[in-house]
Amino acid sequence: MTKFLFKRTLDALLTAFLVFTFVFFAMRLLPGDPVVAMLGDRAGAETIENVRRTLGLDQPLLVQYGNFLWDLLHLDLGTSLVNGASVSELMVRNLPHTIALTIASTIVGIIVGIPLGVVSALRVGKATDHATRLISLFGSALPDFYVGVLFLLLFGLTLGWFPLLGGGSSPFDLRYLAMPAMALGLLKGFGLVRLTRTAVLEVAGRDYVRTARALGMPRQVVTWNHIFRNALIPVTTHLSLSIVATLGGTIALELVFNRPGVGQLLVGAVTSRNYTLIQGGIVILSILVVFVNFATDLLYAVIDPRVRVS
Amino acid sequence: MPGLRAGLLTAAIAATLSVPVSADELNLRLGARDIGSLDPALTKTGDDETVVLQIFNALVAPPRGTLDLTIENLQPQLAESWEISDDKRTWTFHLRPGVMWQKGYGEVSAEDVKFSYERQMDPALGGVHGASFKDIGSIDVVDPLTVRFNLKQGNSFFHGQALTPGVGRFIVPKRAVEELGDRFGTNPVGSGPFEMVEYRPQDGITLKANEDYFLGRPPMDELKFHYIPDNNAATIAFIGGELDATGGERTPEWVEQVTQTVPDARLISIAPGSLQFLHLNLTVEPLDDLKVRQALAYGIDRDVWGQVFGVLSGEFETIVPQSFYGAIPIDMVPKELQYNYDPEKAKTLLAEAGFPDGFAIDAIISERNDYLTNMLMVQDMLRKIGVEINLQVQDHATYHANIREDKGTIVELSTGLAPSAPAVINEFLSEAAAVGKPSALRNFSHYGAVGGNVDDLVAQAVAETVPEKQLELLYEAQLQIQRDVPVIPLQTAPLISVMQGDIDLGYEPVGGFGQHEYATARRTGS
Numbered sequence: 126m127t128k129f130l131f132k133r134t135l136d137a138l139l140t141a142f143l144v145f146t147f148v149f150f151a152m153r154l155l156p157g158d159p160v161v162a163m164l165g166d167r168a169g170a171e172t173i174e175n176v177r178r179t180l181g182l183d184q185p186l187l188v189q190y191g192n193f194l195w196d197l198l199h200l201d202l203g204t205s206l207v208n209g210a211s212v213s214e215l216m217v218r219n220l221p222h223t224i225a226l227t228i229a230s231t232i233v234g235i236i237v238g239i240p241l242g243v244v245s246a247l248r249v250g251k252a253t254d255h256a257t258r259l260i261s262l263f264g265s266a267l268p269d270f271y272v273g274v275l276f277l278l279l280f281g282l283t284l285g286w287f288p289l290l291g292g293g294s295s296p297f298d299l300r301y302l303a304m305p306a307m308a309l310g311l312l313k314g315f316g317l318v319r320l321t322r323t324a325v326l327e328v329a330g331r332d333y334v335r336t337a338r339a340l341g342m343p344r345q346v347v348t349w350n351h352i353f354r355n356a357l358i359p360v361t362t363h364l365s366l367s368i369v370a371t372l373g374g375t376i377a378l379e380l381v382f383n384r385p386g387v388g389q390l391l392v393g394a395v396t397s398r399n400y401t402l403i404q405g406g407i408v409i410l411s412i413l414v415v416f417v418n419f420a421t422d423l424l425y426a427v428i429d430p431r432v433r434v435s
Numbered sequence: 009m010p011g012l013r014a015g016l017l018t019a020a021i022a023a024t025l026s027v028p029v030s031a032d033e034l035n036l037r038l039g040a041r042d043i044g045s046l047d048p049a050l051t052k053t054g055d056d057e058t059v060v061l062q063i064f065n066a067l068v069a070p071p072r073g074t075l076d077l078t079i080e081n082l083q084p085q086l087a088e089s090w091e092i093s094d095d096k097r098t099w100t101f102h103l104r105p106g107v108m109w110q111k112g113y114g115e116v117s118a119e120d121v122k123f124s125y126e127r128q129m130d131p132a133l134g135g136v137h138g139a140s141f142k143d144i145g146s147i148d149v150v151d152p153l154t155v156r157f158n159l160k161q162g163n164s165f166f167h168g169q170a171l172t173p174g175v176g177r178f179i180v181p182k183r184a185v186e187e188l189g190d191r192f193g194t195n196p197v198g199s200g201p202f203e204m205v206e207y208r209p210q211d212g213i214t215l216k217a218n219e220d221y222f223l224g225r226p227p228m229d230e231l232k233f234h235y236i237p238d239n240n241a242a243t244i245a246f247i248g249g250e251l252d253a254t255g256g257e258r259t260p261e262w263v264e265q266v267t268q269t270v271p272d273a274r275l276i277s278i279a280p281g282s283l284q285f286l287h288l289n290l291t292v293e294p295l296d297d298l299k300v301r302q303a304l305a306y307g308i309d310r311d312v313w314g315q316v317f318g319v320l321s322g323e324f325e326t327i328v329p330q331s332f333y334g335a336i337p338i339d340m341v342p343k344e345l346q347y348n349y350d351p352e353k354a355k356t357l358l359a360e361a362g363f364p365d366g367f368a369i370d371a372i373i374s375e376r377n378d379y380l381t382n383m384l385m386v387q388d389m390l391r392k393i394g395v396e397i398n399l400q401v402q403d404h405a406t407y408h409a410n411i412r413e414d415k416g417t418i419v420e421l422s423t424g425l426a427p428s429a430p431a432v433i434n435e436f437l438s439e440a441a442a443v444g445k446p447s448a449l450r451n452f453s454h455y456g457a458v459g460g461n462v463d464d465l466v467a468q469a470v471a472e473t474v475p476e477k478q479l480e481l482l483y484e485a486q487l488q489i490q491r492d493v494p495v496i497p498l499q500t501a502p503l504i505s506v507m508q509g510d511i512d513l514g515y516e517p518v519g520g521f522g523q524h525e526y527a528t529a530r531r532t533g534s
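Which chain is which? The protein sequence lines are S and V, in order.
Under the working numbering, think of the first position of the first sequence as 126, with each following residue one higher.
Under the working numbering, think of the first position of the second sequence as 9, with each following residue one higher.
What follows is the structure, encoded as structure tokens:
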């Protein structure tokens with residue numbers, strides 16, 4: 126297990142390093158000038174040059190990259206090119222909002238998706254199965270921003286159940302978290318229904334399940350101990366990927382619900398070519414993503430001991 | 009009964025979850041994602057300036073809600089009186105006694121005024137307002153409440169350029185700026201009606217009433233500014249009553265939607281707003297040919313903008329909008345220089361220039377709605393006279409970087425500006441402002457540098473102290489620009505916002521850069 130952990134940690138660190146190195150150079154290959162974007166269209170040429178020099182953006186690319194790595198070694202992510210705010214502080218402030226939304230929407234997704242998927246599989250070919258599949262297929266096809274706006278109009282504006290603006294005083298403030306979490310969770314749930322159904326059906330058709338049934342094991346025991354537990358592996362993989370996607374990909378919903386989060390932060394940073402913020406954001410996000418993958422690997426090992434052996 | 013139960017449950021949830029809106033606060037939208045800087049010397053966006061306007065004062069101001077820069081109409085702010093020498097080189101201001109800085113930083117003094125300007129004239133500061141103060145030779149502190157500006161040459165527009173609110177002309181406390189350093193940008197200390205209480209990155213800013221404001225405590229206790237980049241989110245929040253004022257999409261459809269959904273909402277239109285025009289790059293063939301430029305001007309039907317944009321469109325006939333000081337009255341422009349839509353004449357001119365079948369030209373353009381829509385309309389119109397514009401659409405940051413690097417051919421700009429003829433001409437058409445020069449501003453046509461030049465006329469006008477002569481010189485400069493056609497005006501786009509019907513600003517906003525002052529704002533229902 127120690128060797129397993131060590132190898133996974135090393136892989137994780139290498140992956141994170143490659144990701145932010147790629148981002149560092151990719152950002153600078155993009156057209157557009159962070160200083161022009163930051164100063165707006167009123168600035169004169171001299172001012173633009175002055176600011177570029179002050180920010181060290183006039184240095185050769187490799188020197189800039191060296192400085193970036195040096196700062197990173199000292200756990201310094203630098204300051205935002207736009208307003209001088211500390212990148213670490215911005216991330217520390219916004220990340221909890223994204224994590225809260227990720228956790229809450231995943232919970233909603235699990236609550237909606239897994240039971241429906243299991244029911245659909247256990248009643249395969251029946252009306253319940255058809256209805257569930259149809260609804261989940263339709264639901265998965267809806268774009269997230271569209272569902273977000275619908276929720277906002279229905280639960281926020283028409284029914285007045287939830288506030289329309291912002292992220293609340295804390296990331297886990299339910300008044301502000303509920304609507305985006307439900308919207309995103311429902312979409313995740315729809316995806317999970319189909320996956321769970323397929324996984325359950327696939328496991329249910331295996332020899333050992335048939336053997337267990339032939340040996341006269343109670344139906345519930347077969348369903349939960351033999352089918353459900355094994356079907357969880359692909360479901361866990363899917364959930365892990367979905368968490369990773371949510372961490373960096375809640376941009377549309379953060380915009381619709383005006384919720385501060387990493388997605389909003391990074392989209393703004395790309396628009397203004399805010400190199401330091403993008404770099405810092407990607408460093409933290411890639412470490413998080415690597416951590417989630419790492420945790421998923423561990424979870425596999427817990428669910429299926431064969432993973433540890435291999 | 010189940011219906012009743014559901015109703016009660018709904019009411020209970022609503023009561024628990026909804027956010028009460030206080031009668032003594034205003035919830036206002038900022039369209040940016042975050043603060044840039046609230047140090048008036050370092051502001052770069054209209055949103056930052058909206059906040060700064062509530063916290064700081066300038067020496068003098070135009071009548072509230074206007075950009076009327078007639079010198080006789082100047083209103084006192086921190087200065088209670090002033091003397092201007094006949095040659096317009098020496099401007100002396102007497103400050104009101106007893107005006108106090110917020111947060112215990114003492115009395116506003118002439119030393120603070122001197123400091124506020126001198127730091128912006130230092131290029132190392134990294135501000136973008138320095139050009140407004142280039143005429144200042146020196147600033148004398150005559151006594152603790154008297155300050156004197158000595159200009160390098162006479163300037164009849166100095167008040168409009170450097171003294172009234174906006175773009176860096178606010179007075180800051182020397183001691184606070186020195187003590188707070190970089191933190192002044194998020195912890196501003198001013199002398200204005202509201203003072204900073206809280207800044208939540210990417211979320212919002214809260215200001216509270218300055219109890220000791222020298223013009224009287226504002227009626228509202230708090231101003232809450234919310235950063236909301238998405239127009240849909242802001243519109244829904246406005247319709248739901250969580251926002252008291254917001255801008256939105258600059259389309260007639262948005263205006264109609266929001267005013268119909270909230271019938272008592274007040275539509276506020278501030279003119280002239282953004283100037284939208286085309287720069288024709290005189291260094292690019294065939295735009296270097298006057299006949300080609302004239303043909304393009306004749307090939308664009310400016311009336312269409314009014315039909316398409318309705319309330320969001322204003323007339324723009326020469327490079328200086330008619331409402332700006334020093335604009336040449338349109339009836340003084342000879343008919344042949346007005347370039348009224350005439351596609352046949354355009355084709356004739358193209359043929360005379362050697363392009364009987366027209367020509368094709370590449371042009372870059374920003375994806376931003378106001379830029380792209382205009383350019384698509386231009387593209388469509390010019391196609392009818394045989395000119396094909398091959399558009400390359402780029403994101404806004406890329407477009408601006410590229411036009412700064414002189415990669416533009418037909419360059420579109422949409423921008424606000426100080427409302428005077430010299431400001432417009434100096435910024436866009438003076439030789440020194442041409443792209444590529446160290447002093448470059450926004451002269452993307454290279455007018456003055458490679459052809460035509462009105463710099464002397466404008467310089468003479470600025471130094472001229474007799475208003476009639478001054479106007480004559482400015483008119484002559486504008487006629488010359490009409491003859492040379494380095495730019496084609498399209499329209500002005502008023503800044504439109506909506507405000508809940510129960511808010512009275514205390515004045516009627518009609519002109520300016522789109523920011524409202526909330527010093528006298530109150531709810532009429534409370």
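We treat Cβ as the ideally placed atom computed from N, Cα and C, and that holds for glycine.
Item, Value
"Whole angstroms are fine: how far does the CA of ALA266 (chain S) sit from the CA of ALA139 (chain V)?", "54 Å"
"Would DSSP call TYR526 (chain V) helix, strand or coil?", "coil"
"Please confirm if ASP252 (chain V) has its CB atom under 9 Å from at least one CB of chain S.", "no"
"Take ASN219 (chain S) as the anchor and find which of S:PHE270, S:SER294 and S:HIS199 has the nearest alpha-carbon.", "S:SER294"
"Taking the C-alpha atoms as reference points, what is the distance between PRO71 (chain V) and LEU82 (chain V)?", "7 Å"
"Just by C-beta distance, which residues in the region 170–182 of chain S are closer than 7 Å to chain V?", "ALA170, GLU171, THR172, ASN175, VAL176 and THR179"
"Would you call the region 221–231 of chain S in contact with the region 66–80 of chain V, where contact means no fewer than 3 C-beta pairs closer than 8 Å?", "no"
"Could you tell me the distance, in whole angstroms, from the CA atom of PRO198 (chain S) to the CA atom of LEU182 (chain S)?", "This sequence places Leu at residue 198 (chain S); Pro is not what is there. When rounded, the distance between both Cα atoms is 20 Å."
"Using a Cβ-Cβ distance under 9 Å, would GLY39 (chain V) count as near chain S?", "no"
"Quick check: the region 331–348 of chain S against the region 272–287 of chain S, are there 3 or more CB pairs under 8 Å?", "no"
"Leaving aside the five residues before and after VAL29 (chain V) along the sequence, list all residues of the same chain whose C-beta is less than 6 Å from its C-beta, in chain order.", "Confidence at VAL29 (chain V) is low in this model, with a pLDDT of 49, below 50, so its placement is unreliable and the value that follows should be read with caution. Excluding residues within five positions, none has a Cβ falling inside 6 Å."
"Express the C-alpha separation of SER505 (chain V) and LEU247 (chain S) in angstroms, rounding to a whole number.", "56 Å"
"Just the Cα atoms here: how many angstroms apart are SER447 (chain V) and LEU479 (chain V)?", "27 Å"
"Below 8 Å CB to CB, which residues in the same chain sit around GLU293 (chain V) once its five sequence neighbours on both sides are set aside?", "none"
"Rounded to whole angstroms, what's the CA-CA distance from GLU352 (chain V) to PRO342 (chain V)? Just pull it up for me.", "20 Å"
"So which of V:LEU77, V:ILE144, V:LEU75 and V:SER199 has the shortest CA-CA distance to ILE111 (chain V)?", "Correcting the residue identity first, residue 111 (chain V) is Lys in this sequence and not Ile. The option with the nearest alpha carbon to LYS111 (chain V) is V:SER199."
"Show which residues of chain S have a CB atom less than 8 Å away from the CB atom of HIS287 (chain V).", "Within 8 Å Cβ-Cβ: nothing; HIS287 (chain V) doesn't reach chain S, min ~12 Å."
"Can you tell which of V:PRO48, V:ILE308 and V:LEU171 has the C-alpha that lies nearest to the C-alpha of LYS392 (chain V)?", "V:ILE308"
"Please confirm whether SER52 (chain V) has its beta-carbon closer than 9 Å to some beta-carbon of chain S.", "Checking the displayed sequence, the identity of residue 52 (chain V) turns out to be Lys instead of Ser. Judged by the 9 Å Cβ criterion, LYS52 (chain V) is in contact with chain S."
"Can you find the residues in the same chain that come closer than 6 Å, C-beta to C-beta, to PRO226 (chain V), ignoring five residues on each side of it along the sequence?", "PRO201, ALA217 and ALA527"
"By the 10 Å Cβ neighbour count, where 16 or more other Cβ atoms means buried, how is GLN486 (chain V) classified, buried or exposed?", "buried"
"Which of the residues in the region 380–408 of chain V, read from start to end, lie with their CB under 9 Å from any CB of chain S?", "GLN402, ASP403, HIS404, ALA405, THR406, TYR407 and HIS408"
"Around the Cβ of TRP195 (chain S), are there at least 16 other Cβ atoms within 10 angstroms (buried) or fewer (exposed)?", "exposed"
"Tell me the DSSP secondary structure of ILE409 (chain S) in three-state form.", "helix"
"By how many angstroms is the C-alpha of LEU223 (chain V) removed from the C-alpha of VAL116 (chain V)?", "14 Å"
"Which parts of the region 346–421 of chain S are runs of the alpha helix (DSSP H), unbroken and 4 residues or longer, counting only runs that do not cross its ends?", "354–374, 376–381 and 387–396"
"Would you list, in chain order, the members of the region 206–226 of chain V that have their beta-carbon closer than 9 Å to a beta-carbon of chain A?", "The chain inventory of the structure shown lacks chain A, comprising the protein chains S and V."
"Are there three or more Cβ pairs, one per stretch, closer than 8 Å when the region 167–181 of chain V is compared with the region 423–437 of chain V?", "yes"
"Among the candidates S:VAL318, S:ARG338, S:VAL212 and S:ASP136, whose CA atom is the shortest distance from the CA of LEU364 (chain S)?", "S:VAL318"
"Between the Cα of HIS404 (chain V) and those of V:SER422, V:GLY334, V:ASN398 and V:GLY394, spot the shortest distance and give me the residue it belongs to.", "V:SER422"
"Counting only Cβ pairs nearer than 8 Å, list the residues of chain S close to ASP7 (chain V).", "With chain V running from 9 to 534 in the structure shown, residue 7 (chain V) is simply not present."
"For a contact defined as C-beta to C-beta under 9 Å, what are the partners of GLY396 (chain S) on chain V?", "Checking the sequence, you will find Thr at residue 396 (chain S) rather than Gly. Result: ARG41, ASP403, HIS404 and ALA405."
"Could you tell me if GLU420 (chain V) is buried or exposed, where buried requires 16 or more neighbouring beta carbons within 10 angstroms of its beta carbon?", "buried"
"Please tell me whether ASP166 (chain S) has its Cβ less than 9 Å away from any Cβ of chain V.", "yes"
"Determine, using beta carbons only, whether PRO494 (chain V) and GLY460 (chain V) come nearer to each other than 9 Å.", "yes"
"Which of the three DSSP states, helix, strand or coil, is assigned to ASP365 (chain V)?", "coil"
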